[in-house]
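Student: This is the structure I have questions about; it appears just below.
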Amino acid sequence: MKKIISCSKAIATILDGSYLAIGGNVLHRAPMALIREIARQKKRNLKLVKTAGAHDIDVLVRAKCVASVDAGFISYETEYGLATYYRKAVESGEIKANEHACYTVISALNAAKIGVPFMPCRGIMISDLVEANDYFEKIMDPFSDEEITVIKAIKPDVAIIHVNACDEDGNAIIEGPNFEDVLMSRASKRIILSTEKIISKAQVRLNPEKIVIPSFLVESVVVSPRGCAPGSLPGKYEVEDTVIRNFLEKKDDMMFEEYLEAYRIQDQGKGGVFAW
Amino acid sequence: MKKIISCSKAIATILDGSYLAIGGNVLHRAPMALIREIARQKKRNLKLVKTAGAHDIDVLVRAKCVASVDAGFISYETEYGLATYYRKAVESGEIKANEHACYTVISALNAAKIGVPFMPCRGIMISDLVEANDYFEKIMDPFSDEEITVIKAIKPDVAIIHVNACDEDGNAIIEGPNFEDVLMSRASKRIILSTEKIISKAQVRLNPEKIVIPSFLVESVVVSPRGCAPGSLPGKYEVEDTVIRNFLEKKDDMMFEEYLEAYRIQDQGKGGVFAW
Amino acid sequence: MVTNLLKEVHPADIMVVTIANLLENEEKVFHGVSSQLPMVAILLAKATHAKDLTYLNIPGGVNPQSLQLSSYSSAGYEVYANAEAIFPLEEVFDLSMRGELDVAFLSGVQFDVHGNVNASVIGSYTNPKVRLPGGAGSAVLIPTVKRALIWRSKHDPRTFVEQVDFVTTKGNIDRIITPLAVFKYQDERLQLESISPLTSIEEVVRQTGFEINTDHITVLPLPTSEEMRIIQQIDKKGVRYKEF
Amino acid sequence: MVTNLLKEVHPADIMVVTIANLLENEEKVFHGVSSQLPMVAILLAKATHAKDLTYLNIPGGVNPQSLQLSSYSSAGYEVYANAEAIFPLEEVFDLSMRGELDVAFLSGVQFDVHGNVNASVIGSYTNPKVRLPGGAGSAVLIPTVKRALIWRSKHDPRTFVEQVDFVTTKGNIDRIITPLAVFKYQDERLQLESISPLTSIEEVVRQTGFEINTDHITVLPLPTSEEMRIIQQIDKKGVRYKEF
Chain G
10 MKKIISCSKA IATILDGSYL AIGGNVLHRA PMALIREIAR QKKRNLKLVK TAGAHDIDVL
70 VRAKCVASVD AGFISYETEY GLATYYRKAV ESGEIKANEH ACYTVISALN AAKIGVPFMP
130 CRGIMISDLV EANDYFEKIM DPFSDEEITV IKAIKPDVAI IHVNACDEDG NAIIEGPNFE
190 DVLMSRASKR IILSTEKIIS KAQVRLNPEK IVIPSFLVES VVVSPRGCAP GSLPGKYEVE
250 DTVIRNFLEK KDDMMFEEYL EAYRIQDQGK GGVFAW
Chain H
10 MKKIISCSKA IATILDGSYL AIGGNVLHRA PMALIREIAR QKKRNLKLVK TAGAHDIDVL
70 VRAKCVASVD AGFISYETEY GLATYYRKAV ESGEIKANEH ACYTVISALN AAKIGVPFMP
130 CRGIMISDLV EANDYFEKIM DPFSDEEITV IKAIKPDVAI IHVNACDEDG NAIIEGPNFE
190 DVLMSRASKR IILSTEKIIS KAQVRLNPEK IVIPSFLVES VVVSPRGCAP GSLPGKYEVE
250 DTVIRNFLEK KDDMMFEEYL EAYRIQDQGK GGVFAW
Chain B
593 MVTNLLKEVH PADIMVVTIA NLLENEEKVF HGVSSQLPMV AILLAKATHA KDLTYLNIPG
653 GVNPQSLQLS SYSSAGYEVY ANAEAIFPLE EVFDLSMRGE LDVAFLSGVQ FDVHGNVNAS
713 VIGSYTNPKV RLPGGAGSAV LIPTVKRALI WRSKHDPRTF VEQVDFVTTK GNIDRIITPL
773 AVFKYQDERL QLESISPLTS IEEVVRQTGF EINTDHITVL PLPTSEEMRI IQQIDKKGVR
833 YKEF
Chain C
593 MVTNLLKEVH PADIMVVTIA NLLENEEKVF HGVSSQLPMV AILLAKATHA KDLTYLNIPG
653 GVNPQSLQLS SYSSAGYEVY ANAEAIFPLE EVFDLSMRGE LDVAFLSGVQ FDVHGNVNAS
713 VIGSYTNPKV RLPGGAGSAV LIPTVKRALI WRSKHDPRTF VEQVDFVTTK GNIDRIITPL
773 AVFKYQDERL QLESISPLTS IEEVVRQTGF EINTDHITVL PLPTSEEMRI IQQIDKKGVR
833 YKEF
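Have a look at this one:
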């Protein structure tokens, strides 16, 4: 059961129409190598879920892979402004924005994690979002007879997550913030990891507390050094400023093909299998 | 705001009738120094909550501090057999056993942790426990119109937890298994820590990932070397076999007083304040 | 079968081997507190035909290595240290709830022919004659795990009854393993599947409080010397005998 | 007031000082993404009157030390490294849900006199003219945090409206801080509390889309030179100006 496979092979297992959870937060630790491979393979009608997304969502929307996005916040941060492609696609009706509070995305994933159909949530009750969306309902608490909002479970078909290191079976280490990645690894049916590097099983046994995703949850592992670029891997590498600016400013399709092409060798490795 | 106080002072803040969460699991990392001080101070009508308890529950029941116990399992493990005092007190009607599955205790605490009145739970539905107890209810899932069991929140007034080390503000490290202690620290209104030792703030900053209970959740800190004895602190010290056997076999009240007395200096420190 | 050999065989060893053989490679397997016997069986399976089995426990050590088994606990530091990852109890429950846990070892005090398990009380629930320790994880695990394996060191008519006093839980029971026999839950009934070479069908019938069909019963094999060698290596102190 | 001095003062600096002064010692304070300005204000408060304030953020670094502020993110590694504990986003939300978070910094695109916040859409919800980034944590934090502090770098009649297009959330708003003014939410209305020394009551009235009572308005102080010294030390690169 060899789990280390090429980027192309790993992504080939994702079916059109899948519910896809994407690790990271805004410009940090998004699994961009996997994201770009999804774009290259022209997956269609994906349902994306993330608390706060940016470039990852924008790339998939630009590549026309997306049917809907469940998220609390989709935007680059201050410096780069709005997620242009996402915004236009929602406004034109091309994709559906399933607006959440970031926490209700967490609630929905937690429901899937513990195998229940919904999770109760405070606060959200005072919001037009509850009436406007069928994934929020108000029910009676049977213990107090007071009303409470419940959030419908989201069980992603696949989670794609970038980690700092893992062993050949997928026992994975995340250095720095985990964001919702660990939760996604529990809530999703399958997990595809991309990793900066492979470490030995002996290294794993040295610090079992550092393994935040155990191997028995992992389906496949893609070796992707700089796999978050042009986003950041917190503590390891920073945002590639020019790439993001170009992506946002140069809107013609040719430029997007060039963007995908520029990362192809880095993402796929030589001959499609990274020589690690 | 000095948080390090004596065992006696810390326990004096616990009111009769409080809902009390107890850290550790069976014979491991139960905060026995704090437990014994509760017995010495003759607290009454405490409502205890724990997934799986043993000597801790048995001591408090023997000292007549207890009104009810919410737990999935109360027993010593194989070697020592049943929790004699607990069992007799339930059978005589002196205390009420609120029987849970261990996981429904976790569900109830998770509900308190996220501030909602209940938590849905699978599995428990097929059990006479649901009909027999008012903290389980069946409701309709509004998304599927199927029935699901919900577990009523348990929000303890106080959690007592033993840790391996913390700084003077209560930033705490648990080495080895956390059991439900971290969850209890989030679910409870107040936290009293006992700790093997005090470490400096500089030591805390070296490994912030190791801090499983942050100081802003902690009310007070009691310095208690060997604070889990006669139970074990996993990885540090083992069960004191003879003490447990004597406790279980010698049932007269005099012997119990001797047990409490034997640990008094270790628990309270010289003159009631441990000289650290 | 050699009578001399039979005298030397402890029922616990037959149970350990029987249980180990019920575990398959790549399964995710959990045991809780007071579970020394399943613990030895899991380690035997991992040492033989199920190397890629994932071993889960209460402290959360995934596949702990070179265990020093403890007689007073199966939830201590030894199953946490030298693990390859930490996956604590709450997460194991979650895994079962969402349908991904393959095997959980559970026990109970009364079992009836319908597969009901009682770990709560003897007598009435509100006014019990005996208050039992409680089902621990059973009430959520037995209905949600793919296969619940029940073991019990006692096999008598008070344990295997026509109707339990209280249904703590029921659900995905696969087998119940005792010193005398193995029951398989099939067609909504506990059915006798095999008996220990140390007993007889008559004894099993006599010690079981519900009616059993004695057709097609197999006799369990004795542990091989190789199996005994590995068991003794795993469990030098004999913690597997503690329940007897 | 010296006119020359006024020219040198940036509205962001007045906002930073105003916000810092709204924070109290020992409060637990959280900010999210795109929140450089509150970030500087929190650090200013901690460096002055609120040393024991607990600073929480998305990556989860509690009270991170010696920050190198980043202009493109307020959720990066810098607020995780050199922390005294890790308390990640999900836990911060939990803290607020159970009523223990003192202050959360949030924003929005439209605000109305009733304290409604819109961060969702301009126009109709199902067929929006503009799709906004979304309220991030607002819809659960604003109703549950003890005090929500809203800041916004734009103050114009499109931002402060009679009625928002969509109620993303409302609730425990304490104050809204803009380059021109501070609104306090009191008696179920946004009430003008103070104005910036760089503006006039007339300008605030003109730039606000709902009616405001202009009695009892105070003028915010200019940052002191000591405050400016500390701010410049905290934010060497001037990330607090990025929203302007």
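Chains as they are written, first to last, in the numbering used here: chain G, 10 to 285; chain H, 10 to 285; chain B, 593 to 836; chain C, 593 to 836.
Ideal placement from N, C-alpha and C gives every residue a C-beta, glycine not left out.
1) Whose Cβ in chain G lies nearer than 8 Å to the Cβ of Ser-626 of chain C?
2) Assign Ile-274 of chain G to buried or exposed, taking buried as 16 or more other Cβ atoms, counted over all protein chains shown, within 10 Å of its Cβ.
3) Using a Cβ-Cβ cut-off of 8 Å (strictly less than) and excluding sequence neighbours within five positions of Val-709 of chain B, which residues of its own chain qualify?
4) According to a CB-to-CB cut-off of less than 8 Å, which residues of the segment 157-174 of chain G neighbour chain C?
5) In the segment 131-148 of chain G, which residues sit with their C-beta less than 9 Å from some C-beta in chain H, listed in chain order?
6) Taking its Cβ as the centre, do 16 or more other Cβ atoms sit within 10 Å of Ser-716 of chain B, making it buried, or is it exposed?
7) Are Arg-131 of chain G and Val-159 of chain H touching if we call contact CB-CB under 8 Å?
8) Does DSSP put Asp-276 of chain H in a helix, in a strand, or in coil?
9) I want to know whether the segment 620-633 of chain C touches the segment 41-57 of chain G - three or more CB-CB distances under 8 Å.
10) Let me know the secondary structure DSSP gives Cys-175 of chain H once reduced to three states.
11) Run through chain C and tell me which residues come within less than 9 Å of Arg-214 of chain H, C-beta to C-beta.
12) Between the C-alpha atoms of Asn-142 of chain G and Lys-97 of chain G, what's the straight-line distance to the nearest angstrom?
13) Please report how far the alpha carbon of Ala-61 of chain G lies from the alpha carbon of Tyr-89 of chain G, in whole angstroms.
14) Cβ of Glu-646 of chain B less than 8 Å from any chain H Cβ?
15) Is the segment 60-76 of chain H in contact with the segment 605-619 of chain B, if contact means three or more CB pairs nearer than 8 Å?
16) Can the beta-carbon of Ile-207 of chain H be found less than 8 Å from the beta-carbon of Cys-175 of chain H?
17) Have a look at the DSSP bridge pairing and note the partners of Gln-783 of chain C.
18) Compile a chain-ordered list of the residues in the segment 104-116 of chain H whose CB is closer than 8 Å to at least one CB of chain B.
19) Select from B:Glu-676, B:Pro-815, B:Met-607 the residue whose C-alpha is nearest the C-alpha of Leu-215 of chain G.
20) Look at the alpha carbon of Ile-123 of chain G and the alpha carbon of Ser-662 of chain C, and state the distance between them as a whole number of angstroms.
21) Ignore the nearest five residues each way along the sequence and tell me which others in Asn-119 of chain G's own chain have a CB closer than 8 Å to its CB.
22) Where Val-68 of chain G and Gln-825 of chain C are concerned, what is the direct C-alpha to C-alpha distance, given to the nearest angstrom?
23) Could you work out which residue in H:Leu-57, H:Ala-19, H:Asp-190, H:Gly-33 is closest to Gly-26 of chain H when comparing CA atoms only?
24) How many angstroms separate the CA atom of His-64 of chain G from the CA atom of Pro-223 of chain G?
25) Hey, is Phe-152 of chain G's beta-carbon within less than 8 Å of any beta-carbon in chain B?
26) What are the partner residues of Tyr-28 of chain G, as DSSP defines its beta bridges?
27) Roughly how many whole angstroms lie between the Cα atoms of Asp-827 of chain B and Asn-674 of chain B?
28) With distances taken Cα to Cα, identify the nearest neighbour of Gln-680 of chain B among G:Ser-203, G:Glu-218, G:Lys-12, G:Lys-11.
29) DSSP three-state call for Pro-6 of chain G: helix, strand or coil?
30) Here's the rule: buried if 16 or more other CB atoms are within 10 angstroms of the residue's CB, otherwise exposed. What is Arg-767 of chain C?
31) Along the segment 183-211 of chain G, what residues have a CB closer than 8 Å to any CB found in chain D?
32) Just tell me which of G:Lys-161, G:Ser-101, G:Glu-228, G:Ile-20 has its CA closest to the CA of Pro-151 of chain H.
33) So what does DSSP say about Cys-237 of chain G, is it helix, strand or coil?
34) Compute the Euclidean distance between the alpha carbons of Glu-249 of chain G and Leu-724 of chain C, then round it to the nearest angstrom.
35) Would you say the segment 637-655 of chain C touches the segment 786-804 of chain C, given that touching needs at least three Cβ pairs under 8 Å?
36) If you drop the 5 nearest sequence neighbours on each side, which residues of the same chain put their C-beta closer than 8 Å to that of Ser-788 of chain B?
Tutor: In this structure, then:
1) Reading the fourth sequence from its first residue, position 34 is the one you call residue 626 of chain C. Per Cβ cutoff of 8 Å: Ser-84, Glu-86, Thr-87.
2) The residue you call residue 274 of chain G lines up with position 265 of the first sequence. Counting the other Cβ atoms within 10 Å of the Cβ of Ile-274 of chain G gives fewer than 16, which makes it exposed.
3) As a working note, residue 709 of chain B is residue 117 in the third sequence. Contacts found: Leu-698, Gly-700, Gln-702, Phe-703, Gly-727, Ser-730, Ile-734, Ile-742, Val-756, Val-759, Thr-760, Thr-761, Lys-762, Ile-765.
4) Under the 8 Å Cβ criterion, the segment 157-174 of chain G contributes no residue.
5) Contact residues of the segment 131-148 of chain G toward chain H are Arg-131, Gly-132, Asp-143, Tyr-144, Glu-146, Lys-147, Ile-148 (C-beta to C-beta distance below 9 Å).
6) For the purposes of this step, residue 716 of chain B is identified with residue 124 of the third sequence, where counting begins at 1. It is exposed - the Cβ of Ser-716 of chain B has fewer than 16 other Cβ atoms within 10 Å.
7) Indexing the first sequence from 1 puts residue 131 of chain G at position 122. Indexing the second sequence from 1 puts residue 159 of chain H at position 150. In this structure, Val-159 of chain H does not lie closer than 8 Å to Arg-131 of chain G by Cβ.
8) Here residue 276 of chain H refers to the residue found at position 267 of the second sequence. Helix at Asp-276 of chain H.
9) The segment 620-633 of chain C makes no contact with the segment 41-57 of chain G, as fewer than three CB pairs between them are under 8 Å.
10) The residue labelled residue 175 of chain H in the question sits at position 166 within the second sequence. Reduced to three states, the DSSP call for Cys-175 of chain H is strand.
11) In the second sequence, counting from the first residue as 1, residue 214 of chain H sits at position 205. Those are Gln-657, Asn-674, Ala-675, Glu-676, listed as they occur along chain C.
12) The residue you call residue 142 of chain G lines up with position 133 of the first sequence. The residue you call residue 97 of chain G lines up with position 88 of the first sequence. When the Cα atoms are used, Asn-142 of chain G and Lys-97 of chain G turn out to be separated by approximately 21 Å.
13) For the purposes of this step, residue 61 of chain G is taken as residue 52 along the first sequence, with counting starting at 1. For the purposes of this step, residue 89 of chain G is taken as residue 80 along the first sequence, with counting starting at 1. Approximately 15 Å between the Cα atoms of the pair.
14) As a first step, residue 646 of chain B is located in the third sequence; it is residue number 54 there, counting from the start. A small fix is needed here, since residue 646 of chain B is Thr in this sequence, not Glu. Answer no: the Cβ-Cβ gap between Thr-646 of chain B and chain H never drops below 8 Å.
15) no
16) Counting from 1 along the second sequence, the entry for residue 207 of chain H is found at position 198. Counting from 1 along the second sequence, the entry for residue 175 of chain H is found at position 166. Yes, they are a contact pair.
17) To locate residue 783 of chain C, count along the fourth sequence from 1; it is residue 191. Bridge partners of Gln-783 of chain C according to DSSP: C:Lys-776.
18) Ala-106, Glu-108, His-109, Ala-110, Cys-111, Tyr-112, Thr-113, Ile-115
19) Stepping through the first sequence from its first residue, residue 215 of chain G is reached at position 206. The option with the nearest alpha carbon to Leu-215 of chain G is B:Glu-676.
20) Taking the first residue of the first sequence as position 1, residue 123 of chain G is located at position 114. Taking the first residue of the fourth sequence as position 1, residue 662 of chain C is located at position 70. Computed Cα separation, rounded: 37 Å.
21) Numbered from 1 along the first sequence, position 110 holds the residue referred to as residue 119 of chain G. Cβ contact annotation for Asn-119 of chain G (same chain, cutoff 8 Å, sequence separation greater than five): Met-128, Leu-192, Ala-196, in chain order.
22) For the purposes of this step, residue 68 of chain G is taken as residue 59 along the first sequence, with counting starting at 1. For the purposes of this step, residue 825 of chain C is taken as residue 233 along the fourth sequence, with counting starting at 1. Distance between the alpha carbons of Val-68 of chain G and Gln-825 of chain C is about 37 Å.
23) The residue given as residue 26 of chain H occupies position 17 in the second sequence. That would be H:Leu-57, whose Cα lies nearest to the Cα of Gly-26 of chain H.
24) For the purposes of this step, residue 64 of chain G is taken as the residue at position 55 of the first sequence. For the purposes of this step, residue 223 of chain G is taken as the residue at position 214 of the first sequence. Answer to the nearest angstrom: the Cα atoms are 28 Å apart.
25) Counting from one through the first sequence, the residue named residue 152 of chain G turns up at place 143. So, not an interface residue.
26) Residue numbering aside, residue 28 of chain G sits at position 19 when the first sequence is read from its first letter. According to DSSP, which records beta bridges pairwise, Tyr-28 of chain G is partnered with G:Lys-56.
27) For the purposes of this step, residue 827 of chain B is taken as residue 235 along the third sequence, with counting starting at 1. For the purposes of this step, residue 674 of chain B is taken as residue 82 along the third sequence, with counting starting at 1. Computed Cα separation, rounded: 17 Å.
28) By 1-based counting over the third sequence, the position of residue 680 of chain B is 88. Note that residue 680 of chain B is Pro in the sequence shown here, rather than Gln. Comparing Cα positions, the closest option is G:Glu-218.
29) Only positions 10 to 285 of chain G appear in the structure, and residue 6 of chain G is not among them; the question remains open.
30) The sequence position of residue 767 of chain C within the fourth sequence is 175, counting from 1. Label assigned to Arg-767 of chain C: buried.
31) Any reference to chain D falls outside this structure, whose protein chains are G, H, B and C.
32) Position 142 of the second sequence holds residue 151 of chain H. Nearest C-alpha to Pro-151 of chain H: G:Lys-161.
33) As a working note, residue 237 of chain G is residue 228 in the first sequence. It is coil, neither helix nor strand.
34) Locating residue 249 of chain G in the first sequence gives position 240, counting from the first residue. Locating residue 724 of chain C in the fourth sequence gives position 132, counting from the first residue. Taking the straight line from one Cα to the other gives about 25 Å.
35) no
36) In the third sequence, counting from the first residue as 1, residue 788 of chain B sits at position 196. Correct list, in chain order: Pro-603, Ile-606, Pro-771, Leu-772, Ala-773, Val-811, Leu-812.
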